[in-house]
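See below for the structure under consideration.
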Amino acid sequence: MLQFLRNLPKIELHAHLNGSLNIDSIRELAAKVYGVQTKEFSTLCERFIKFEKGAKLDDCFEKFGFVHELTSTKEGLEYATELVIRDFAKDNVIYVELRTTPKANGNMSRRSYLDTVLGVIKNKSDLYKIKVKLLPSINRAEPVAVAEETVALAVELATIEPEIIVGIDFSGNPNQGNFKDFIPVLSKARNHGLKLAMHCAEVDNPVEIREMIRFGMSRCGHGTYLSDSGFEHMKEENIPIECCLTSNVKSGTVANIGAHHLKQLMATCAPKVLCTDDSGVFDTTLSDEFFLATESFGLTKSQCIALTMEAVEHAFATREEKLMLKMQIYKYTRLQNK
Ligand SMILES: [Zn+2]
8 MLQFLRNLPK IELHAHLNGS LNIDSIRELA AKVYGVQTKE FSTLCERFIK
58 FEKGAKLDDC FEKFGFVHEL TSTKEGLEYA TELVIRDFAK DNVIYVELRT
108 TPKANGNMSR RSYLDTVLGV IKNKSDLYKI KVKLLPSINR AEPVAVAEET
158 VALAVELATI EPEIIVGIDF SGNPNQGNFK DFIPVLSKAR NHGLKLAMHC
208 AEVDNPVEIR EMIRFGMSRC GHGTYLSDSG FEHMKEENIP IECCLTSNVK
258 SGTVANIGAH HLKQLMATCA PKVLCTDDSG VFDTTLSDEF FLATESFGLT
308 KSQCIALTME AVEHAFATRE EKLMLKMQIY KYTRLQNK
């Protein structure tokens, strides 16, 4: 089964750029950014030894800290973006939507951050035989003015690269920021044709969940604390829940894998997609996530194929792209049946 899943051409719709670098790729990135002979590199390697002996969640997030530092220059960000694309391609992901919050620092403006990521996507996707889209992220913990700048840039860059910039991600610490404050800027994005992938119901905040549902979205990230009527609404509106099993278990938003809402979504034939969220932070791959679903909920090979086809439907891709993706998946499954 695991081999079948590894070889299956897959679709990844919920992946944060910085969180998707696995430990080997972070080491590779550090070697490139710092140089292998430097003190910074050896300090970083020492810390990795600690992670490898049974990492805890705090350690996982510490890994994130390194990545932010390593991607704070144009060169580091370029290489990190390429490594993430390469790693998804290695796992036979044929289509990925990457999310990232444009960060401004002494080296880069938010515009040059997005330009850098876009440049790598344009130049490297063909090399790794993968279709890559970009969703600039709004970090709800940051001021609305930052979100306004991000959306203005996304709208402008989407006119130049409409094939790549296809939507906006709304994410960040769900206990910070007020969703209502972001409604005008999210509306602006939507009015300009950008799709909205929103982290929603990650924590038990019924008032905000209702506001988000009322506002609407194209896809719902996590949806862990949706009520039965919330799930019902998503089904009626054909809004898929982006299910990130390992992420939800490791970050403790579901009690255990058996209690994950994927089970309910499968049973009620509600729209859903399987995703990794932060494959590096949570030490997983999309193949591993599918395997976990087969082990935990008894999914068959054909259910995994159906889930992949469902992900194609919910991708922010053109009709032609969806057709191509479906053909690739179909070709693989036909070979399996021979
Ligand atoms: Zn996420």
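Taken in order, the sequence shown gives residues 8 to 345; the numbers are from this note's numbering. We put the CB at the ideal spot given by N, CA and C, even for glycine.
C-alpha distance - Leu350 paired with Tyr41, whole-angstrom precision
Within the shown structure, residues of the chain are numbered from 8 to 345, placing residue 350 beyond reach of any answer.
Pick out whichever of Glu82, Glu85, Arg54 and Thr88 has its Cα sitting closest to the Cα of Gly72.
Start at 1 with the first residue of the sequence shown, and residue 72 comes out as number 65. Looking at the Cα atoms, Arg54 is the closest of the given residues.
Under the DSSP definition of a beta bridge, which residues are partnered with Lys138?
Here residue 138 refers to the residue found at position 131 when the sequence shown is read from its first residue. For Lys138, which the question treats as bridged, DSSP gives the partners Tyr102.
Residue burial classification, Arg326 (beta-carbon count within 10 angstroms, cutoff 16):
Counting from 1 along the sequence shown, the entry for residue 326 is found at position 319. That one is exposed.
Is any non-hydrogen atom of ligand 1 found closer than 6 angstroms to the C-beta of Asp284, if you look at the structure I gave you?
Locating residue 284 in the sequence shown gives position 277, counting from the first residue. Yes, the Cβ of Asp284 comes within 6 angstroms of a heavy atom of ligand 1.
Segments of 3+ residues assigned as beta strand (DSSP E) that fall wholly inside the segment 135-175
Entirely contained in the segment 135-175, the beta strand (DSSP E) runs reaching 3 residues are, in chain order, 138-146.
Does His229 pass the burial test, meaning 16 or more other C-beta atoms within 10 Å, or should it be called exposed?
Start at 1 with the first residue of the sequence shown, and residue 229 comes out as number 222. Here His229 is buried: its Cβ has 16 or more other Cβ atoms, across all protein chains shown, within 10 Å.
Can Val139 and Ile92 be called in contact, C-beta distance under 7 angstroms?
Counting from 1 along the sequence shown, the entry for residue 139 is found at position 132. Counting from 1 along the sequence shown, the entry for residue 92 is found at position 85. In this structure, Ile92 lies closer than 7 angstroms to Val139 by Cβ.
Under 7 angstroms between the Cβ atoms of Phe304 and Lys279?
Along the sequence shown, read from residue 1 onward, the residue named residue 304 stands at position 297. Along the sequence shown, read from residue 1 onward, the residue named residue 279 stands at position 272. Between Phe304 and Lys279, the CB-CB gap reaches or exceeds 7 angstroms.
Count the C-beta pairs between the segment 112-121 and the segment 75-90 that are closer than 8 angstroms, then say yes if the count reaches three, no if not.
Segments in contact, yes.
Starting from Ile248, trace the beta strand (DSSP E) in both directions and tell me its first and last residue.
Here residue 248 is taken as the residue at index 241 of the sequence shown, counted from 1. From DSSP, the beta strand (DSSP E) with Ile248 extends over Ile248 to Cys250.
Which partner residues of Leu281 appear in the DSSP bridge assignment?
Looking up residue 281 in the sequence shown gives position 274. Listed as beta-bridge partners of Leu281 by DSSP are Cys250.
Between Leu125, His75, Thr108 and Pro109, which has its C-alpha nearest Glu89's C-alpha?
As a position in the sequence shown, residue 89 is number 82, starting the count at 1. Residue nearest to Glu89 within the set Leu125, His75, Thr108 and Pro109 is Leu125 (criterion: CA-CA distance).
Thinking C-alpha only, which one of Ile33, Met219 and Ala165 is nearest Asp188?
Taking the sequence shown and counting its residues from 1, one reaches residue 188 at position 181. It is Met219 whose Cα lies nearest to the Cα of Asp188.
Along the chain, where does the beta strand (DSSP E) that runs through Lys39 open and close?
Reading the sequence shown from its first residue, position 32 is the one you call residue 39. Here Lys39 belongs to no beta strand (DSSP E); instead the alpha helix (DSSP H) covers Ile30 to Tyr41.
Report yes if the C-beta distance between Glu104 and Leu20 is below 7 angstroms; otherwise report no.
Taking the sequence shown and counting its residues from 1, the one referred to as residue 104 is at position 97. Taking the sequence shown and counting its residues from 1, the one referred to as residue 20 is at position 13. A contact, by the Cβ cut-off of 7 angstroms.
Stretch-stretch touch, CB-based, cutoff 8 angstroms, three pairs: the segment 96-103 with the segment 131-138
Yes: at least three Cβ pairs fall under 8 angstroms.
With burial defined as no fewer than 16 other Cβ atoms inside 10 Å of the residue's Cβ, what is the status of Pro169: buried or exposed?
As a first step, residue 169 must be located in the sequence shown, where it is residue number 162. Classified as exposed, Pro169 has fewer than 16 neighbouring CB atoms from the shown chains inside 10 Å of its CB.
Assign Val255 to buried or exposed, taking buried as 16 or more other Cβ atoms, counted over all protein chains shown, within 10 Å of its Cβ.
The residue you call residue 255 lines up with position 248 of the sequence shown. The sequence as given places Asn at residue 255; Val does not occur at that position. Asn255 counts as buried, since at least 16 other C-beta atoms from the protein chains shown sit within 10 angstroms of its C-beta.
Residue of Asn198, Gly237 and Thr157 minimising C-alpha distance to Leu215
Translated into the one-based positions of the sequence shown, residue 215 becomes position 208. Inspection of the sequence shows that residue 215 is occupied by Glu rather than by Leu. Looking at the Cα atoms, Gly237 is the closest of the given residues.
To the nearest angstrom, how far is the alpha carbon of Gly259 from that of Ile18?
For the purposes of this step, residue 259 is taken as the residue at position 252 of the sequence shown. For the purposes of this step, residue 18 is taken as the residue at position 11 of the sequence shown. Taking the straight line from one Cα to the other gives about 25 angstroms.
If you drop the 5 nearest sequence neighbours on each side, which residues of the same chain put their C-beta closer than 6 angstroms to that of Val319?
Along the sequence shown, read from residue 1 onward, the residue named residue 319 stands at position 312. Cβ contact annotation for Val319 (same chain, cutoff 6 angstroms, sequence separation greater than five): Ile18, Lys329, Leu332 and Lys333, in chain order.
Report buried or exposed for Leu9, applying the criterion of at least 16 other Cβ atoms within 10 angstroms of its Cβ.
Counted from its first residue, the sequence shown places residue 9 at position 2. Exposed: under 16 other Cβ atoms inside 10 Å.
Close Cβ partners of Ser294 (< 6 angstroms) along its chain, the five nearest in sequence each way excluded
Working through the sequence shown from its first residue, we reach residue 294 at position 287. These residues qualify, in order along the chain: Leu12, Arg13 and Asp98.
Assign Asp235 to one of two classes, buried (16 or more other C-beta atoms within 10 Å of its C-beta) or exposed (fewer than that).
As a position in the sequence shown, residue 235 is number 228, starting the count at 1. Asp235 is exposed by the Cβ-count criterion.
Quick one: what's got a C-beta closer than 6 angstroms to Arg147's C-beta in the same chain, skipping five residues either side?
Here residue 147 refers to the residue found at position 140 of the sequence shown. Contacts found: Gly179 and Gly184.
Below 7 angstroms between beta carbons: does that hold for Thr231 and Thr291?
In the sequence shown, the residue the question calls residue 231 occupies position 224. In the sequence shown, the residue the question calls residue 291 occupies position 284. The criterion of a C-beta distance shorter than 7 angstroms is not satisfied by Thr231 and Thr291.
Buried versus exposed, by CB contacts within 10 Å (16 or more), Glu262
Here residue 262 corresponds to residue number 255 of the sequence shown, with the count starting at 1. According to the sequence as given, residue 262 is Ala; it is not Glu. Counting C-beta atoms within 10 angstroms of its own C-beta, Ala262 has fewer than 16 neighbours from the protein chains shown and is therefore classed as exposed.
Would you call the CB atoms of Ala38 and Leu51 closer than 7 angstroms?
By one-based count along the sequence shown, residue 38 stands at place 31. By one-based count along the sequence shown, residue 51 stands at place 44. For Ala38 and Leu51, no; Cβs fall outside 7 angstroms.
Suppose you measure from the CA of Arg106 to the CA of Ser144; what does that come to, to the nearest Å?
Within the sequence shown, the letter at position 99 stands for residue 106. Within the sequence shown, the letter at position 137 stands for residue 144. Between Arg106 and Ser144, the C-alpha separation is close to 6 angstroms.
Throw me the rounded Cβ distance for the Cys282 and Glu249 pair, which I believe falls under 8 angstroms.
As a position in the sequence shown, residue 282 is number 275, starting the count at 1. As a position in the sequence shown, residue 249 is number 242, starting the count at 1. Right, the Cβ-Cβ distance comes to about 5 angstroms (below 8 angstroms), so this counts as a contact.
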